[in-house]
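This report refers to the structure that appears directly beneath it.
Numbering (UniProt numbering), first residue to last: 1 to 116.
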């Protein structure tokens, strides 16, 4: 396995929330984890869609859900769901972290801001 492999099982997640949203006082609906570098970004329903932007900027094609109880993978380059190995912990954001999140940053009318 090389660092160019699209799935790096030993790389930990970059944190517990979307890196870019946290840096810009933004918020997310659900979180996705880059299977290659561990970057945590927000999903395509979220206002900023940082997980997809990360793929476009880096070419890292495979993500895994970073939601509690979910272990599915998505391959952006093939535009299809798939399976993969267990990734390094943590496998989701903390269970007590709300979705949408983070706590205190989500607008009251958050549903109006989702991409469908």
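Note that the Cβ used here is the ideal one computed from N, Cα and C, for glycine as well. No experiment lies behind these values; they were computed from the predicted model shown.
Considering only 98, 34 and 60, the residue with the shortest C-alpha distance to residue 77 is 60. Taken in chain order, the complete beta strand (DSSP E) segments of 3 or more residues contained in the UniProt domain "UBP-type" (1-101) are 31-34, 40-42, 62-65, 73-75 and 80-82. Under a 10 Å Cβ-count criterion, residue 31 is classified as buried, with 16 or more other Cβ atoms of the shown protein chains found around its own Cβ. Straight across, the Cα-Cα distance linking residue 92 with residue 116 is about 23 Å. With a cutoff of 8 Å on beta-carbon distance, residue 21 and residue 54 are scored as not near each other. For the 8 Å CB-CB criterion, residue 36 and residue 62 form a contact. In its chain, beyond the 5 residues on either side, 20, 21, 26 and 42 have a beta carbon closer than 7 Å to the beta carbon of residue 48.
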